[in-house]
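Q: In the numbering used here, the protein residues as written are 83 to 442. Below is a structure I'd like to ask you about.
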């Protein structure tokens, strides 16, 4: 009798109404364990990050007080030898150098405290060796907001995301203010979201292609395209029909951006940007604003992707004043050095124009 009862107790019984059964109880307990493990992992990560920052700060203060490079080298070697024996390989000389660098580029503990819940030590080790402080803060805050993995962070840096944002082409004080708003208010703006150029080498287009080929390739590689657009984009529709006075027009791609809380209309164009594209996009945006915009949403914005564009033409048309962004797309993968040079030149020239011809 007892053996039979034991066998029956191991058979999962489905939930009937609010009745608790071994099967659903086990499932609930699994959920509790997984949630607790995740919470513990976050707590441990935050504690380790704080520990490494405090160690780096303490070592740095001691080394700076002596102001002798050879003294610093000796201190790190001696500390690493003793700490490694006592606490393990995590305190090697190389890691101690990471900690010192960490405290050097993030001198304010409150900033580290705000980042440590989303960024692990591997994230910080990637970010701390970015020399430009504005670029470093951009990647740290975007990584926090969009919850990038370390691999995604490395991909974004390698593909020069910062240099391709509209923000990077603004004066330094504007960049500082936007990053401050991002840090304090989690406020995303179009200058943070949109970039130029967009790297579409993953589409695999041949030397000659039509607009429909670009659209078809994007739809085929929609996951990679959204990754290039950035976090927050949701694909809604292709060839969106817009009817005005009995005439039908077709918008290439329609997206929604969660953080911006607005529709994003995307038009794909071959060749260089033409002034006539502005009127076409303005019509689409006004129609979307009137017929598709929902309560609580911001006004729709447009993105015109062209193979190329002439900067003065775009500036004279005041495209951003109309809620329209114009960006180039590159379908060929450039060598890293050439890509860096092109984008650094573009950032420098844009800042010069905004500052009246002076380097900012």
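Quick reminder that beta carbons are idealized off the backbone N, C-alpha and C, glycines included.
Do you know whose CA, among 367, 379 and 208, lies nearest residue 231's CA?
A: 208
Q: If residue 184 sits next to residue 134, beta carbons under 8 Å apart, how far is it from one beta carbon to the other, in whole angstroms?
A: 6 Å
Q: By the DSSP assignment, the beta strand (DSSP E) with residue 317 in it spans what residues?
A: 315-326
Q: So what does DSSP say about residue 23, is it helix, strand or coil?
A: One cannot answer for residue 23 here, as it falls past the ends of the chain, which runs 83 to 442.
Q: Across which residues does DSSP place residue 337 in a beta bridge pair?
A: Per DSSP, 317 and 346.
Q: Using the beta-carbon count (16 or more within 10 Å), is residue 326 buried or exposed?
A: exposed
Q: Please classify residue 254: is it buried, with 16 or more other beta-carbons within 10 angstroms of its beta-carbon, or exposed?
A: exposed
Q: Taking the alpha-carbon of residue 366 as reference, which of 375, 381 and 347 has the nearest alpha-carbon?
A: 347
Q: Looking only at its own chain, which residues have a Cβ that is under 8 Å from the Cβ of residue 355, when we skip the five neighbours before and after it?
A: 386, 388, 390, 391, 392, 395, 396 and 408
Q: Indicate the three-state DSSP secondary structure (helix, strand or coil) for residue 115 in the structure shown.
A: helix
Q: In whole angstroms, what separates the C-alpha of residue 402 from that of residue 384?
A: 9 Å
Q: Between the Cα of residue 378 and the Cα atoms of 399, 420 and 344, which residue gives the shortest distance?
A: It is 344 whose Cα lies nearest to the Cα of residue 378.
Q: For residue 221 versus residue 235, is the C-beta spacing smaller than 9 Å?
A: yes
Q: Measure from the alpha carbon of residue 188 to the alpha carbon of each residue in 179, 171 and 210, then state which is nearest.
A: Of all alpha-carbon atoms in 179, 171 and 210, the one lying nearest the alpha-carbon of residue 188 is that of 210.
Q: Examine the Cβ distances between the stretch 292-299 and the stretch 255-266 and report whether three or more of them are shorter than 8 Å.
A: Too few Cβ pairs lie closer than 8 Å, so no.
Q: Mind checking who residue 410 pairs with in its DSSP beta bridge?
A: 388
Q: Spatial neighbours of residue 339 within its chain, please: CB distance less than 7 Å, with the 5 preceding and 5 following residues excluded, ordered by chain position.
A: 275, 314, 315 and 346
Q: Between the Cα of residue 334 and the Cα atoms of 350, 429 and 341, which residue gives the shortest distance?
A: Of the listed residues, the one whose Cα sits closest to residue 334 is 350.
Q: Whose C-beta lies closer than 8 Å to the C-beta of residue 179 among residues of the same chain, with five residues either side of it excluded?
A: So the list reads 158, once near-sequence residues are dropped.
Q: Rounding to the nearest angstrom, what Cα-Cα distance links residue 413 and residue 238 in this structure?
A: 18 Å
Q: For residue 224, count neighbouring C-beta atoms within 10 Å of its own C-beta (all shown protein chains included) and say buried if the count is 16 or more, exposed if not.
A: buried
Q: For residue 277, list the residues DSSP reports as bridge partners.
A: 247
Q: Please report how far the alpha carbon of residue 163 lies from the alpha carbon of residue 198, in whole angstroms.
A: 28 Å
Q: Leaving out five residues on either side along the sequence, give the residues of the same chain with a beta carbon under 6 Å from the beta carbon of residue 182.
A: 138, 141 and 142
Q: Taking C-beta to C-beta, are residue 240 and residue 423 nearer than 9 Å?
A: no
Q: I believe residue 226 touches residue 201 by the beta-carbon criterion, under 8 Å. Please report the beta-carbon distance rounded to the nearest angstrom.
A: 6 Å
Q: Compare the C-alpha of residue 311 against each of 372, 247, 286 and 364 and name the closest.
A: 247
Q: Do you know how far the Cα of residue 107 is from the Cα of residue 129?
A: Residue 129 and residue 107: Cα-Cα distance of roughly 33 Å.
Q: Going by the CB atoms, is the gap between residue 131 and residue 206 shorter than 9 Å?
A: yes
Q: Just verifying my parser: in three-state terms, what is the DSSP assignment at residue 221?
A: helix
Q: Taking residue 431 as the reference, give the member of 216, 160, 245 and 145 with the closest Cα.
A: Taking only the C-alpha atoms, the option nearest residue 431 is 245.
Q: What would DSSP say about residue 291, mapped onto helix, strand or coil?
A: coil
Q: Where do the ends of the alpha helix (DSSP H) carrying residue 263 lie?
A: Unbroken alpha helix (DSSP H) run through residue 263: 254-267.
Q: Would you mind reading off the limits of the alpha helix (DSSP H) that contains residue 232?
A: 232-240
Q: Do residue 295 and residue 287 have their beta-carbon atoms positioned less than 9 Å apart in this structure?
A: Yes, the Cβ-Cβ distance between residue 287 and residue 295 is below 9 Å.
Q: Give the straight-line distance between the Cα atoms of residue 429 and residue 251, rounded to the nearest whole angstrom.
A: 5 Å
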